[in-house]
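Residue numbers for the sequence shown follow numbering that gives the first Met the number 0, so the first one is 0 and each next one is one higher.
C-beta: ideal position from N, C-alpha, C; glycine also.
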Amino acid sequence: MTGGLDQYALLSGLVGGLALFLFGMDILTRSLKQVAGDYMKALLARFTENRFLGLATGATVTAIIQSSSITTVLLVGFISAGLMTSAQSVAVILGANIGTTITAQVLAFKVTKLALPLLSLGFFTSFVAQRQETREYGRILLGLGMVFFGMVIMSESMAPLQSYRPFFDFMRSLENPLLAALTGAIFTALVQSSSATTGILVVMAGQGLIGLETAIALALGANVGTCVTALLAAIGKPPEAVRAAVVHTLFNVAGVMIWIGFVDQLAELARLISPSYPELDAAARGRAEVPRQLANIHTFFNVANALICIGFTTQIARLAEWLVPDRPAEVTPSFAPRHLDPELLKVPAIALDAVRLEVVHQGELVRDMLAAAIPAVTSGTLMQIERLHVMDRPVDLLHREIIGYLRKISLGKLSADQSELLMALARISNDLEHIGDQIATGMVTSARKRIDENVVISPQTEAAIARLHAKVLEAFDGSLRALKEQDTGIAANVRKMKSEFSGMVEQIGRHQVDRLRAEAPRRQHTYAREIELTETLDDIFKITRRIARTQIAAFGSPPEAGG
């Protein structure tokens, strides 16, 4: 039969089913990232040093978010943000393709009957549940139901193709493995989801519309097409980040080149390792067996590719470095964000961790100001004093970037803990900016007055202020290190410095009163400047302790947190 095909029903069902499938995948992925974001962050932080752990990490993370291209996009973001090196990312990328095979394995089961129950359960759970986490689990079920229902729609719309000769003529042209792989690559690049391609192949195999050999070649091509997303995400990124996308592409293209000449052998292996149903007639047997055979061989060649390449991660990294050399050294402004990559916004837990590192960067700029402050203010030249004022500009600009990035994170879905962390990071960034302002306004103004009034601070008082300044620096360094290492024990120690610091302030206050009684030129003006410096250092110390307190509240109290 060559006529009678309702093209509108076919196209609307196929496109509509694919749209529902992709929309369901998007909901599923977003909610899985929301529920498992902290787990993913911990995996990537702890298990990327060892290549085999990196391989397992890539497989696990991709199994969670169901997209090797999204995993690679995240890696591009991690590298761009300084959270990972391109060499560390190689093993994770090798594992990413393994993680995507879970889609085919799940879809190869006759799960489409679960579509409507999952849609119903997921919808009511996501709308009725009180707890945010429970609602996210409901959305996971809702997304899964949409994926399955999209497959139902595509399957029903493609059923008439079983007797449509032009379709079979087209499929016969795909018996050439290279042409089939190219078709799979182009389609996957267009929909930007190898899972969608795999889902359609499983549906077509279940309808008897496609043979195993052709399905394998199309699936091989899908592995190449999925690289487009990561390559696009790498545009404009630092060379190390571009290398991650290049490694992903090299690995997948090499995998296709290895296996494309062995499609028939892969098909035989798939039949050997998969369940068979000899009691069925030929057509029914193909519909029953091919989906599982495709899923199994899809898993096999992705695992095999990873195991073949895992011993060459260093060489792969070097090849990527050769293909994407470092750019000529560029002068990067100190206020330019180092970690705030937009790609990380896809996973709030990881984006928040990038903000934490950026706040540390902001703290380092403030620390430079604080270290230079007292020498310049007590005895420095006007040029040194004005330099302090100029140093505050990068702090303000970076603070603006951090708050803007936090706003973007806040527009997404956050758990209660993530919302608390977001507010804590905003408070810490605000406090650091406030310290910068204390130096750039309070201290600089006092120093200008010192010069205008021709005030000379005595060596004894200057030494006392220097000791107080050193204690403030010690506290500030502790708060900054606590944030960098996420160690609330260090933050608690900063809180405990209060009594010692108060004693030092009291001691210097008595010294200043004694000096006020001394017969010295312009003593009253000198006293005023000394008091201003002492009070500003006291204010900065209080803000520093507040930063430590914010960390303890956000990251949890240590076993013996005092103060």
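Span separating the alpha-carbon of residue i from that of residue j
| i | j | result |
| --- | --- | --- |
| Thr133 | Arg447 | 59 Å |
| Thr535 | Gly441 | 7 Å |
| Gly477 | Ala553 | 17 Å |
| Asp486 | Ile26 | 35 Å |
| Gln129 | Ala90 | 40 Å |
| Ile542 | Arg494 | 11 Å |
| Glu432 | Thr28 | 36 Å |
| Ser193 | Ala415 | 33 Å |
| Gly507 | Glu531 | A quick correction: the sequence has Ile, not Gly, at residue 507. One C-alpha to the other measures close to 12 Å. |
| Pro324 | Pro290 | 43 Å |
| Leu10 | Ser156 | 8 Å |
| Ser119 | Val127 | 12 Å |
| Pro237 | Ala86 | 14 Å |
| Val346 | Arg355 | 14 Å |
| Thr187 | Tyr404 | 31 Å |
| Asp280 | Gly210 | 16 Å |
| Ala303 | Leu397 | 46 Å |
| Ile564 | Ser418 | With the chain covering only 0 through 562, there is no way to say anything about residue 564. |
| Ile456 | Glu529 | 8 Å |
| His563 | Thr100 | The question about residue 563 has no answer, for the chain in this structure spans 0 to 562. |
| Phe261 | Gln314 | 26 Å |
| Asp263 | Leu13 | 29 Å |
| Glu499 | Leu369 | 20 Å |
Candidates the options, of which the one nearest residue i by Cα
| i | options | result |
| --- | --- | --- |
| Gly16 | Asp25, Leu117, Ile78 and Phe147 | Phe147 |
| His360 | His388, Pro393, Leu271 and Ala372 | Pro393 |
| Phe169 | Ala527, Val201, Thr213 and Met150 | Thr213 |
| Ala371 | Asp391, Asp280 and Thr124 | Asp391 |
| Lys483 | Ala375, Ala353 and Asp538 | Ala353 |
| Arg270 | His297, Val252 and Ala95 | His297 |
| Ile185 | Ser88, Ala218 and Ala95 | Ala218 |
| Ile402 | Glu385, Leu424 and His388 | Leu424 |
| Val202 | Pro165, Thr225 and Gly149 | Gly149 |
| Gln496 | Ala481, Phe540 and Glu505 | Reading off the sequence, residue 496 comes out as Met, not Gln. The residue with the shortest Cα to Cα distance from Met496 is Phe540. |
| Leu117 | Leu140, Gln131, Ile101 and Phe123 | Leu140 |
| Leu93 | Ile309, Thr444 and Ala490 | Ile309 |
| Gln191 | Ala179, Leu230 and Ser498 | Leu230 |
| Ile272 | Asn251, Ile257 and Phe299 | Phe299 |
| His338 | Thr56, Ala58, Leu73 and Phe20 | Leu73 |
| Leu410 | Leu344, Gly121, Met83 and Arg466 | Leu344 |
| Pro225 | Asn251, Arg242 and Gly235 | Note on residue identity: the sequence assigns Thr, not Pro, to residue 225. The option with the nearest alpha carbon to Thr225 is Asn251. |
| Thr56 | Ser275, Ser88 and Ser30 | Ser88 |
| Ala316 | Arg50, Tyr7 and Ala547 | Arg50 |
| Asn96 | Thr124, Thr59 and Phe122 | Thr59 |
Under 8 Å between C-beta atoms of residue i and residue j
| i | j | result |
| --- | --- | --- |
| Thr71 | Gly98 | no |
| Leu421 | Leu351 | yes |
| Gln104 | Ala294 | yes |
| Leu362 | Asp395 | The residue asked about is misnamed: residue 362 is Gly in this sequence, not Leu. Cβ atoms of Gly362 and Asp395: not closer than 8 Å. |
| Gly198 | Arg286 | no |
| Ile438 | Leu381 | no |
| Gln33 | Glu135 | yes |
| Val245 | Leu322 | yes |
| Pro176 | Ala216 | yes |
| Thr549 | Glu461 | no |
| Phe475 | Arg366 | yes |
| Ile384 | Val471 | no |
| Ile408 | Ala491 | no |
| Ala114 | Val151 | yes |
DSSP state of residue i mapped onto helix, strand, coil
| i | result |
| --- | --- |
| Ala233 | coil |
| Phe186 | helix |
| His388 | helix |
| Phe540 | helix |
| Asp325 | coil |
| Arg130 | coil |
| Val454 | coil |
| Arg284 | helix |
| Thr84 | coil |
| Asp486 | coil |
| Phe108 | coil |
| Ala335 | coil |
| Thr225 | coil |
| Met496 | coil |
| Asp352 | helix |
| Glu363 | helix |
| Leu564 | With the chain covering only 0 through 562, there is no way to say anything about residue 564. |
| Ser501 | helix |
Within-8 Å CB hit, residue i to chain D
| i | result |
| --- | --- |
| Ser156 | Reference to chain D is not applicable here, since this structure consists of a single protein chain. |
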